[in-house]
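Peer 1: Please see the structure below; I have some questions.
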Amino acid sequence: MTGTDTGGRRARIGQGVIAVLAEAGIGGLTHRAVARAAGVPVAATTYYFETKASMLAEASETLLAEYIASFEKLAEAGGRAGEGLESLVARLVTNSAARYRGTSIAWCEIILYAARAPEGRLLARRWFSDLERVWCALDAAGAAPAGRKRVLVAIDIVIGMMFIVHALGLGEAEAGNLFGGTIADAGFGRGPLPDHVPLKAASRSPKAERTRADILDAAIRIMIDAGASGVSYRSIAEESGGALSAPAYHFGSIEGVVREAEARLFHSSKERYRQTLSEEASAQATTIARLADISATILIREATEFGLASLAHYSVWLEASRRPALRLVVADAIRDQADAWAKRLTPFGGGSPINGIYFQALFVGQLVKILATGSSLETLSESREIFLAAFSDCLPLPRVGHIFKS
Numbered sequence: 026m027t028g029t030d031t032g033g034r035r036a037r038i039g040q041g042v043i044a045v046l047a048e049a050g051i052g053g054l055t056h057r058a059v060a061r062a063a064g065v066p067v068a069a070t071t072y073y074f075e076t077k078a079s080m081l082a083e084a085s086e087t088l089l090a091e092y093i094a095s096f097e098k099l100a101e102a103g104g105r106a107g108e109g110l111e112s113l114v115a116r117l118v119t120n121s122a123a124r125y126r127g128t129s130i131a132w133c134e135i136i137l138y139a140a141r142a143p144e145g146r147l148l149a150r151r152w153f154s155d156l157e158r159v160w161c162a163l164d165a166a167g168a169a170p171a172g173r174k175r176v177l178v179a180i181d182i183v184i185g186m187m188f189i190v191h192a193l194g195l196g197e198a199e200a201g202n203l204f205g206g207t208i209a210d211a212g213f214g215r216g217p218l219p220d221h222v223p224l225k226a227a228s229r230s231p232k233a234e235r236t237r238a239d240i241l242d243a244a245i246r247i248m249i250d251a252g253a254s255g256v257s258y259r260s261i262a263e264e265s266g267g268a269l270s271a272p273a274y275h276f277g278s279i280e281g282v283v284r285e286a287e288a289r290l291f292h293s294s295k296e297r298y299r300q301t302l303s304e305e306a307s308a309q310a311t312t313i314a315r316l317a318d319i320s321a322t323i324l325i326r327e328a329t330e331f332g333l334a335s336l337a338h339y340s341v342w343l344e345a346s347r348r349p350a351l352r353l354v355v356a357d358a359i360r361d362q363a364d365a366w367a368k369r370l371t372p373f374g375g376g377s378p379i380n381g382i383y384f385q386a387l388f389v390g391q392l393v394k395i396l397a398t399g400s401s402l403e404t405l406s407e408s409r410e411i412f413l414a415a416f417s418d419c420l421p422l423p424r425v426g427h428i429f430k431s
């Protein structure tokens, strides 16, 4: 990784890494793919970057430098006239669905990768530290600063919304509808029909059921280690010890395997949520403080005890940005959780579908941040305060936009 960089070749390779992450995910990140995207010989990529981790670090540095520079410039100019946190969140999310879609997906891939390796967690900690710093500076430069807690709420909502927008394949206009107070045209439930309908459970032999279970277990392990983009016929065969053709025979396609794995992951998470609520002495939240307690308890359990399952789950969301065949099962999961949030908020007067989406995004954003940074005690301990700030500012008012108002 030393030597003279002529003609910006290293920078081109860094941009090539970002392009490959957006188009193929972590599983598709190879020296050959990066060289093709950057328009350089393979020898050039191996000269500058020996490993996948070093390529990811370079892409992270590139994205961070561009992001921080743009925010610092905006803060120095005093921000956009009259723009508060709510409109900034909306602008960033809608831009991620269109103008910056590729770099946004690449960033999401890098952040999930961060949870898998110590060097990645160091990158993520720097990312989130710098995010907080520049967002707080921009907030302070505005006419009516919202304060640090509301800034953290805003950052987490942007992260969660990016995962939701990419998972559903939303365009700029559809993403904008989420901030216009409606989800009617936001793409929920749209997508191609499954390309394979497996035999009903009653028609399968015990041997077939065991094989299916082995394939799904192998796929989930791969998703944990390499993301959903790493699931292939060959990787499943190597991980499970089964035949190369087994996934196609039992599930129709790799998309069929990933869909089934996602459905299993989501069902398990729902059961955990219910278990956590049943273990609470008073599962019904009668105060905003109690609602924050319950929400933080569920979040922390998902981030720690079931962090690997969460990592696999959200890797499927990113893969759905590239494979439309996965979007129906992911949309079901997003819709189900958004509905659950709306029901939880109903006693406080905030149980609208759009509020359900916002708070699902807040939950996802916090969970991804905790996973990426290594579940530090500081980050975990702040989760309740972030929920409490969001709930206190928006409830019992009917629109989440009030979160960001001082």
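Each position in the sequence shown, counted from 1, maps to that position plus 25 in the numbering used here. Yeah, the Cβ is synthetic: ideal placement off N, Cα and C, and Gly gets one too.
#1: Can you give the Cα-Cα distance for V283 and H191, rounded to whole angstroms?
#2: Find the nearest neighbour of R348 within the set Q391, R61, S278, E403, judged by alpha-carbon distance.
#3: What do you reckon, are the CB atoms on L203 and D164 nearer than 8 Å?
#4: With 16 other CB atoms within 10 Å as the buried threshold, where does H338 fall?
#5: Assuming G25 and S340 are in contact, meaning their beta carbons sit under 8 Å apart, how far apart are those beta carbons, in whole angstroms?
#6: Give every residue of the same chain whose Cβ lies closer than 6 Å to the Cβ of A63, excluding the five residues on either side of it in the sequence, and list them in chain order.
#7: Could you tell me which of V256, R57, Y125, I395 sits nearest to L195, measuring between CA atoms?
#8: Can you tell me the Cα-Cα spacing of F291 and G332, whole angstroms?
#9: G41 by DSSP, collapsed to three states: which one?
#10: Roughly how far, in whole angstroms, is the beta-carbon of G267 from the beta-carbon of T236, given that I think they are within contact range, below 8 Å?
#11: Beta carbon of V355, beta carbon of A345: below 8 Å?
#12: For S129, count neighbouring Cβ atoms within 10 angstroms of its own Cβ and tell me buried if that reaches 16, exposed if not.
#13: Can you name, in chain order, every residue of its own chain whose Cβ lies under 8 Å from the Cβ of K295, other than the five neighbours on each side?
#14: Closest to R173 by C-alpha separation, out of A350, M186, V159, would be which residue?
#15: Within a Cβ cutoff of 8 Å, which residues of the same chain sit near N177, ignoring the five residues on either side of it in sequence?
#16: Excluding the 5 residues flanking T119 on each side, which residues of the same chain have their C-beta closer than 8 Å to its C-beta?
#17: Exposed or buried, Q385, counting other C-beta atoms within 10 Å across all chains shown (16 or more means buried)?
#18: For the candidate residues I249, Y298, L241, whose alpha-carbon lies nearest to that of A271?
#19: Please determine, among Y72, V67, L405, D155, the residue with the shortest C-alpha to C-alpha distance to E330.
#20: Are there 16 or more other CB atoms within 10 angstroms of the CB of Y274, so buried, or fewer, so exposed?
#21: Please name the residue in P66, T55, L88 whose C-alpha comes closest to that of K77.
#22: On the DSSP letters alone, give me the boundaries of the alpha helix (DSSP H) that V159 sits inside.
#23: Could you give the residue range of the alpha helix (DSSP H) that holds F384?
#24: Take W152 as the anchor and find which of L336, E285, D181 has the nearest alpha-carbon.
#25: On the criterion of 16 or more Cβ atoms from any shown chain inside 10 Å, does T371 qualify as buried, or is it exposed?
#26: If we ignore side chains and look at the alpha-carbon of each, how far apart do E91 and A115 end up?
#27: Report the start-end ranges of each alpha helix (DSSP H) in the region 251 to 322 that is 4 residues or longer and not cut off at the edges.
#28: Excluding sequence positions up to five away, which residues of its chain have a Cβ less than 6 Å from the Cβ of A47?
#29: Using three-state DSSP, classify S335 as helix, strand or coil.
#30: Whose C-alpha, out of R35, T87, K98, is nearest the C-alpha of T70?
#31: Given L396, which residues of its chain have a CB within under 7 Å of its CB, disregarding the five upstream and five downstream residues?
#32: With a threshold of 16 other CB atoms inside 10 Å of the CB of A363, please say whether the residue is buried or exposed.
#33: What number of angstroms, rounded off, separates the C-alpha of A438 from the C-alpha of I43?
#34: Starting from the C-beta of G376, find all residues in its chain whose C-beta is less than 7 Å away, skip the five residues before and the five after it, and write them out in chain order.
#35: Go to Y125, then tell me how far its alpha helix (DSSP H) extends in each direction, as first and last residue.
#36: The alpha helix (DSSP H) with V190 in it runs from where to where?
Peer 2: Once the coordinates are examined:
#1: Spanning the two alpha carbons is a distance of roughly 17 Å.
#2: Minimum Cα distance to R348 is reached at S278.
#3: In this structure, D164 does not lie closer than 8 Å to L203 by Cβ.
#4: By the neighbour-count criterion, in which 16 or more other beta carbons inside 10 Å mark a residue as buried, H338 falls on the buried side.
#5: Residue numbering for the chain in the displayed model covers 26 to 431; residue 25 lies beyond these limits and cannot be assessed.
#6: If we look at A63 and ignore the five residues flanking it on each side, its Cβ neighbours are R37, I38, G41.
#7: The candidate whose alpha carbon is nearest that of L195 is Y125.
#8: C-alpha separation (whole angstroms): 13 Å.
#9: Assignment of G41 by DSSP, reduced to helix, strand and coil, places it in the helix class.
#10: Beta-carbon to beta-carbon, G267 and T236 are separated by about 7 Å, close enough to satisfy the 8 Å threshold.
#11: Yes, Cβ-Cβ distance for V355 and A345 is below 8 Å.
#12: With 16 or more other Cβ atoms within 10 Å, it is buried.
#13: Result list for K295: D361, in chain order.
#14: Cα-wise, what sits closest to R173 is V159.
#15: The question names Asn, yet the displayed sequence has Leu at residue 177. Taking C-beta separations shorter than 8 Å and ignoring five residues to either side along the sequence, the partners of L177 in its chain run E157, E407, I411, A414, following chain order.
#16: Cβ neighbours of T119 beyond the five flanking positions: E197, A200, G201, F204.
#17: With 16 or more Cβ atoms within 10 Å of its Cβ, Q385 is classed as buried.
#18: Nearest to A271 by C-alpha distance, out of I249, Y298, L241, is L241.
#19: Looking at the Cα atoms, L405 is the closest of the given residues.
#20: By the neighbour-count rule (16 or more Cβ atoms within 10 Å), Y274 is not buried but exposed.
#21: The option with the nearest alpha carbon to K77 is T55.
#22: Note, V159: alpha helix (DSSP H), 143 to 166.
#23: Taken as a continuous stretch (DSSP letters only), the alpha helix (DSSP H) holding F384 covers 378 to 398.
#24: Among L336, E285, D181, the Cα nearest to that of W152 belongs to D181.
#25: T371 comes out exposed.
#26: Going from the Cα of E91 to the Cα of A115 covers about 20 Å.
#27: When DSSP assignments are scanned along the region 251 to 322, the uninterrupted stretches of alpha helix (DSSP H) that are 4 or more residues long and fall wholly within it turn out to be 258 to 265, 271 to 276, 279 to 304.
#28: The answer, listed in chain order, is G127, I130, A131.
#29: Of the three classes helix, strand and coil, the one that applies to S335 here is helix, per DSSP.
#30: Comparing Cα positions, the closest option is R35.
#31: Apart from the 5 residues on each side of it in sequence, L396 sits with its Cβ closer than 7 Å to the Cβ of A140, A328, G332, S335, L336 in its chain, given in chain order.
#32: A363 comes out buried.
#33: Because the chain in this structure spans residues 26 to 431, residue 438 falls outside the shown range and cannot be described.
#34: For G376, where only same-chain residues beyond five positions count, the Cβ hits under 7 Å are A367, K368, L370.
#35: First-last for Y125: undefined, no H or E at that position.
#36: Counting along the chain, the alpha helix (DSSP H) containing V190 begins and ends at 173 to 193.
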